[in-house]
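Participant: Structure in structure tokens, see below.
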Amino acid sequence: MSSPRHLANRRSLLAGLGAAAVGISFSACSKPAEKAATDGAEEPKLNFYNWDTYIGETTLADFKTATGIDVNMQLFATNDELFAKLKAGNSGFDVIVPSNEFVTRMGQAGLLKALDHAKVPNMKNIDPQYLNPSFDPGNKFSVPYTWLVLGLGYRKSKFKTVPDSWKYVFDSAEYKGKIALLSESADLIRLAAKYKGVSLNNISPEMLTQIEAMLVKQKPNIRAFHEDNGQDMLQGGDVDIVIEYNGDIAQVMAEDDDIGFVVPKEGSLLNSDTLCVPVDAPRPNNAHAFINYILDARVGAEIYKTILYPSPNAAAKALMPEDYKNNPVIFPPADILAKCEYGAFEGAEKASQFEEIITRVRAS
Amino acid sequence: MEQSWRQAKSIFGLLLSAPLFWLAFFFIVPMGIVWLYSFGENRGLVDIAFTGTWKNYARALEPLYLGIFVKSLYVAALTTFLCLVVGFPVALAITFAADKWKPWLLLLIMLPFWTNLLIRTYALIAVLRTEGYVNQTYEFLWTNAGGLMTLVGLAPLGEFQPLDLLHNNFAVIFGLVYVHLPFMILPLYSTLDRMDRSLLEASLDLGAGHFRTLWSIVVPMSAAGIASGILITFIPALGAYLTPDLLGGPESQMIANVIERQFKRANDWPFGAALSFLLVYLTFIGIAIQGMLDKQNRGRAA
Numbered sequence: 121m122s123s124p125r126h127l128a129n130r131r132s133l134l135a136g137l138g139a140a141a142v143g144i145s146f147s148a149c150s151k152p153a154e155k156a157a158t159d160g161a162e163e164p165k166l167n168f169y170n171w172d173t174y175i176g177e178t179t180l181a182d183f184k185t186a187t188g189i190d191v192n193m194q195l196f197a198t199n200d201e202l203f204a205k206l207k208a209g210n211s212g213f214d215v216i217v218p219s220n221e222f223v224t225r226m227g228q229a230g231l232l233k234a235l236d237h238a239k240v241p242n243m244k245n246i247d248p249q250y251l252n253p254s255f256d257p258g259n260k261f262s263v264p265y266t267w268l269v270l271g272l273g274y275r276k277s278k279f280k281t282v283p284d285s286w287k288y289v290f291d292s293a294e295y296k297g298k299i300a301l302l303s304e305s306a307d308l309i310r311l312a313a314k315y316k317g318v319s320l321n322n323i324s325p326e327m328l329t330q331i332e333a334m335l336v337k338q339k340p341n342i343r344a345f346h347e348d349n350g351q352d353m354l355q356g357g358d359v360d361i362v363i364e365y366n367g368d369i370a371q372v373m374a375e376d377d378d379i380g381f382v383v384p385k386e387g388s389l390l391n392s393d394t395l396c397v398p399v400d401a402p403r404p405n406n407a408h409a410f411i412n413y414i415l416d417a418r419v420g421a422e423i424y425k426t427i428l429y430p431s432p433n434a435a436a437k438a439l440m441p442e443d444y445k446n447n448p449v450i451f452p453p454a455d456i457l458a459k460c461e462y463g464a465f466e467g468a469e470k471a472s473q474f475e476e477i478i479t480r481v482r483a484s
Numbered sequence: 086m087e088q089s090w091r092q093a094k095s096i097f098g099l100l101l102s103a104p105l106f107w108l109a110f111f112f113i114v115p116m117g118i119v120w121l122y123s124f125g126e127n128r129g130l131v132d133i134a135f136t137g138t139w140k141n142y143a144r145a146l147e148p149l150y151l152g153i154f155v156k157s158l159y160v161a162a163l164t165t166f167l168c169l170v171v172g173f174p175v176a177l178a179i180t181f182a183a184d185k186w187k188p189w190l191l192l193l194i195m196l197p198f199w200t201n202l203l204i205r206t207y208a209l210i211a212v213l214r215t216e217g218y219v220n221q222t223y224e225f226l227w228t229n230a231g232g233l234m235t236l237v238g239l240a241p242l243g244e245f246q247p248l249d250l251l252h253n254n255f256a257v258i259f260g261l262v263y264v265h266l267p268f269m270i271l272p273l274y275s276t277l278d279r280m281d282r283s284l285l286e287a288s289l290d291l292g293a294g295h296f297r298t299l300w301s302i303v304v305p306m307s308a309a310g311i312a313s314g315i316l317i318t319f320i321p322a323l324g325a326y327l328t329p330d331l332l333g334g335p336e337s338q339m340i341a342n343v344i345e346r347q348f349k350r351a352n353d354w355p356f357g358a359a360l361s362f363l364l365v366y367l368t369f370i371g372i373a374i375q376g377m378l379d380k381q382n383r384g385r386a387a
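Chains as they are written, first to last, in this note's numbering: chain P, 121 to 484; chain R, 86 to 387.
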């Protein structure tokens, strides 16, 4: 099987790798191996914990040329993996890339360092609509890096009209056996709530019961719950319609003309990936310098050209070619986006409850 | 002069201390902590309080999770059975192969261990998927057969329908058998290879057919190998999660998938720990049963 295709998406291959090694570490056993260096006396190194294919091709080398700081990048596949690693303490990472909900969660858990905005002057490049988000008031811990929206990737030749409703995957037998849903429990339930016409936050218990019943009824029509490798299943012909992130589908659309993407008319779930510094980062000064570098217009443009995710960086976006700026997959229409929402962190109880609902659906 | 360990206790103790230390600090202590977690509760987002509650076990024994346990046991048992059925003839064939071939045949059995499980599973996806190698070959044969039939004046075969090989329970069982087969073949081979061949000759001389000899002589004599093969296939198959995750369909979740999600997505370590330890207890029961059978056999032999 062609592995480049697997490497070309952000969250899929490593989901498997991460699953292959559920690292259980214990905070009691860990001691800070590297003491935080005093200001100005940091060694020229930086540990960067990022998603796969989520940085420009030469960004890290250019940063080394510009500052002399050597960046060591490691990859994670899910926010949960990132959270589990930081929860154990002493991760050794200086810059991490958590999504919105997890910024709240890690902030509450005291795992993030408050950013020193004076050291990140390039914050001015960020489009103001992405600043001061509800998940991190005042950008205390996070700087926006990309945003993403979930939608439906589909094989154009198998559809007469654009499948612009979640109905195709949640409530219809028309594409029986050719549907793949996301395996992430919370995302799945929230999108189902969108289909039912309610907000994806604070879903009522009655609505959860209805959603569960709908998914149980739909299950025989579903081919698989994918581990965020939906774009690959779509490209490989295993399914005709799949729930995926816009950037993942944009990457395979570049290789296959018969693939389309739509954000359904009921609205969807928005996510925002951000740059943060862990509270026990050994080299916080380097971390701030790195974040500031990434926010630079030219550096940002180089990154987004590779990763094809929407950029919140207005200055970088201005430098991008038209086929990026006007790509309806990367930047869905404004009237649809208006119906999309961010998912808020609603506590550990709720996360556990979502998980149990999907376990029941899968066991039914 | 042969020395008993009793005569050199200090050296023996010294030699033993390193592995004992290793076992205690890197196996027993961590397992003990996870065991304690199973009696704990989440406090906030990162802390777990040991409250001695049985709540996690009560939840783990609800019909929902018991059902998943039963299903996992069934999948693991079926996998083990298929491994035995496929593995026994292979082990027998290697035993009777020429001496110069044996190391090479054994190497072929062990070769997959040199490749990462994830890579092997992705390779299986490439083989089984709708546009995978099996279906491509099948389609090639189908179209050619269709062309041939029109040529001889028969109706063509109709439109090609790819086989559904991936994302269902078949794929999970297939993947598990593929991964665990070496675990079955190796212990079988080691018992069969030590078997006294003269007993087989005696059986054949005394008029038993090949099949009768196999059934009445070879199988009973390799009972120990069969038992250990079953055990070391069944236990990892019961805890499999990568295979059902990647090859399975919506109905293929096994207990280890649920456990993994408790530790990662649900962030509910206490409940995950309780489920894990139920699995450990099941394994202990399995080993105990094997031990009892072993004892019985030995009793009979004596």
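Every residue gets a Cβ at the ideal spot worked out from N, C-alpha and C, and that includes glycine. These figures come from a predicted structure and were not determined experimentally.
So what does DSSP say about G334(R), is it helix, strand or coil?
Facilitator: Taking the second sequence and counting its residues from 1, the one referred to as residue 334(R) is at position 249. Here G334(R) sits in coil by DSSP.
Participant: Tell me whether the beta-carbon of T394(P) lies closer than 8 Å to the beta-carbon of N220(P).
Facilitator: Working through the first sequence from its first residue, we reach residue 394(P) at position 274. Working through the first sequence from its first residue, we reach residue 220(P) at position 100. Result yes, Cβ atoms of T394(P) and N220(P) sit closer than 8 Å.
Participant: I need the straight-line Cα distance from I246(P) to E326(P), nearest angstrom please.
Facilitator: Indexing the first sequence from 1 puts residue 246(P) at position 126. Indexing the first sequence from 1 puts residue 326(P) at position 206. One C-alpha to the other measures close to 40 Å.
Participant: Could you please give the first and the last residue of the uninterrupted beta strand (DSSP E) stretch that includes F124(R)?
Facilitator: As a first step, residue 124(R) must be located in the second sequence, where it is residue number 39. DSSP places F124(R) outside any beta strand (DSSP E), giving it a letter other than H or E.
Participant: Check each candidate in I311(R), I370(R), I153(R) and name the one with the smallest Cα separation from F166(R).
Facilitator: Position 81 of the second sequence holds residue 166(R). The candidate whose alpha carbon is nearest that of F166(R) is I311(R).
Participant: Can you tell me which of the three DSSP states C460(P) falls into?
Facilitator: For the purposes of this step, residue 460(P) is taken as residue 340 along the first sequence, with counting starting at 1. If DSSP states are grouped into helix, strand and coil, C460(P) belongs with coil.
Participant: Need the endpoints of the alpha helix (DSSP H) that Y424(P) sits in, please.
Facilitator: Against the first sequence, residue 424(P) aligns to sequence position 304. Taken as a continuous stretch (DSSP letters only), the alpha helix (DSSP H) holding Y424(P) covers 417–427.
Participant: What are the uninterrupted segments assigned as alpha helix (DSSP H) that are 4 or more residues long and contained completely in the segment 328–358 of chain P, given in chain order?
Facilitator: 350–355
Participant: Measuring CA to CA, which of A434(P), I477(P), D455(P), A401(P) is closest to A333(P)?
Facilitator: As a position in the first sequence, residue 333(P) is number 213, starting the count at 1. The shortest C-alpha separation from A333(P) is found at I477(P).
Participant: Assign R350(R) to one of three DSSP states: helix, strand, or coil.
Facilitator: Position 265 of the second sequence, counted from the start, is the residue given in the question as residue 350(R). Coil.
Participant: Could you name the residues of chain P that I153(R) contacts, counting a contact when the two beta carbons are closer than 8 Å?
Facilitator: By 1-based counting over the second sequence, the position of residue 153(R) is 68. Those within 8 Å of I153(R) in chain P are T479, A483.
Participant: Which residues of chain A have a Cβ atom closer than 9 Å to the Cβ of R225(P), listed in chain order?
Facilitator: In the structure shown, chain A does not exist; the protein chains are P and R.
Participant: Determine which residues share a DSSP beta bridge with W120(R) and list them.
Facilitator: The count along the second sequence starts at 1 and reaches residue 120(R) at position 35. None, per the DSSP bridge assignment.
Participant: For L149(R), which residues in chain P fall below 9 Å Cβ to Cβ?
Facilitator: Within the second sequence, numbered from 1, the residue matching residue 149(R) stands at position 64. Within 9 Å Cβ-Cβ: E476, T479, R480, A483.
Participant: Of all the residues that make up the segment 320–336 of chain R, which are near chain P by a beta-carbon distance shorter than 9 Å?
Facilitator: Y326, L327, D330, L331, G333, G334, P335, E336
Participant: Would you call P152(P) buried or exposed, if buried means 16 or more other Cβ atoms sit within 10 Å of its Cβ?
Facilitator: As a working mapping, residue 152(P) is identified with position 32 in the first sequence. Any reading at P152(P) needs caution, since the residue's pLDDT is 40, under 50, leaving its predicted position unreliable; the model's value is listed next. P152(P) comes out exposed.
Participant: Taking any Cβ of chain P, which residues in the segment 259–272 of chain R have a Cβ under 7 Å from it, in chain order?
Facilitator: none
Participant: In the DSSP assignment, the alpha helix (DSSP H) including F259(R) goes from what residue to what residue?
Facilitator: The count along the second sequence starts at 1 and reaches residue 259(R) at position 174. First-last of the alpha helix (DSSP H) with F259(R): 254–279.
Participant: Which class does L137(P) belong to by DSSP, given the choice of helix, strand or coil?
Facilitator: In the first sequence, the residue the question calls residue 137(P) occupies position 17. Note on L137(P): pLDDT 41, under 50, position unreliable in the model; no value is reported.
Participant: Counting only beta-carbon atoms, is F410(P) nearer than 8 Å to chain R?
Facilitator: As a working note, residue 410(P) is residue 290 in the first sequence. Output row for F410(P): interface = no.
Participant: Along the alpha helix (DSSP H) that carries T180(R), what are the first and last residues, could you check?
Facilitator: For the purposes of this step, residue 180(R) is identified with residue 95 of the second sequence, where counting begins at 1. It spans 148–181 - the alpha helix (DSSP H) in which T180(R) sits, taken as one unbroken run.
Participant: Indicate whether the contact test is met: 3 or more Cβ pairs, each with one atom in the segment 184–193 of chain P and one in the segment 332–343 of chain R, closer than 8 Å.
Facilitator: no
Participant: If you draw a straight line from the C-alpha of K233(P) to the C-alpha of Y315(P), how long is it?
Facilitator: Counted from its first residue, the first sequence places residue 233(P) at position 113. Counted from its first residue, the first sequence places residue 315(P) at position 195. Straight-line Cα distance between these residues: approximately 37 Å.
Participant: Would you list the residues sitting across from T394(P) in a DSSP beta bridge?
Facilitator: As a position in the first sequence, residue 394(P) is number 274, starting the count at 1. T394(P) is bridged to P264(P).
Participant: For S277(P), is the classification buried or exposed, using 16 other Cβ atoms within 10 angstroms of its Cβ as the cut-off for buried?
Facilitator: Along the first sequence, read from residue 1 onward, the residue named residue 277(P) stands at position 157. By the beta-carbon neighbour count (other beta carbons within 10 angstroms, threshold 16), S277(P) is exposed.
Participant: So with CB distances below 9 Å, who are the chain P contacts of N254(R)?
Facilitator: As a first step, residue 254(R) must be located in the second sequence, where it is residue number 169. Those do not exist, as N254(R) stays about 12 Å from chain P at its closest Cβ, beyond 9 Å.
Participant: Which residues in chain R sit within 7 Å of G357(P), going by Cβ to Cβ distance?
Facilitator: Numbered from 1 along the first sequence, position 237 holds the residue referred to as residue 357(P). T215, E216, listed in chain order.
Participant: Taking only beta carbons into account, state which residues of the segment 390–407 of chain P come closer than 7 Å to chain R, listed in chain order.
Facilitator: none
Participant: Kindly indicate the opening and closing residues of the beta strand (DSSP E) around I299(P).
Facilitator: The residue you call residue 299(P) lines up with position 179 of the first sequence. I299(P) -> beta strand (DSSP E) spans 299–302.
Participant: Output needed for N342(R): all residues of its chain with C-beta closer than 8 Å, excluding positions within five of it in sequence on either side, in chain order.
Facilitator: By one-based count along the second sequence, residue 342(R) stands at place 257. Closer than 8 Å at the Cβ level, and outside the excluded window around N342(R), lie Y326, P329, D330.
Participant: Which same chain residues, not among the five before or five after P355(R), have their C-beta less than 7 Å away from its C-beta?
Facilitator: The residue given as residue 355(R) occupies position 270 in the second sequence. Closer than 7 Å at the Cβ level, and outside the excluded window around P355(R), lie Y122, S123, G125, E126, N127, I133, N141.
Participant: So who's on the other strand from E364(P), going by DSSP bridges?
Facilitator: For the purposes of this step, residue 364(P) is taken as the residue at position 244 of the first sequence. For E364(P), which the question treats as bridged, DSSP gives the partners G271(P).
Participant: Hey, could you find the ends of the alpha helix (DSSP H) I317(R) is sitting in?
Facilitator: Counting from one through the second sequence, the residue named residue 317(R) turns up at place 232. Note, I317(R): alpha helix (DSSP H), 308–323.
Participant: Could one say the Cβ of A471(P) lies closer than 8 Å to chain R's Cβ atoms, at least one of them?
Facilitator: Counting from 1 along the first sequence, the entry for residue 471(P) is found at position 351. Answer yes: the Cβ-Cβ gap between A471(P) and chain R drops below 8 Å somewhere.
Participant: Can you round the beta-carbon distance between A161(R) and F319(R) to whole angstroms, since I take them to be within the 8 Å contact cut?
Facilitator: Here the question's residue 161(R) lines up with position 76 in the second sequence. Here the question's residue 319(R) lines up with position 234 in the second sequence. That belief holds up - the Cβ atoms of A161(R) and F319(R) are roughly 5 Å apart, short of 8 Å.
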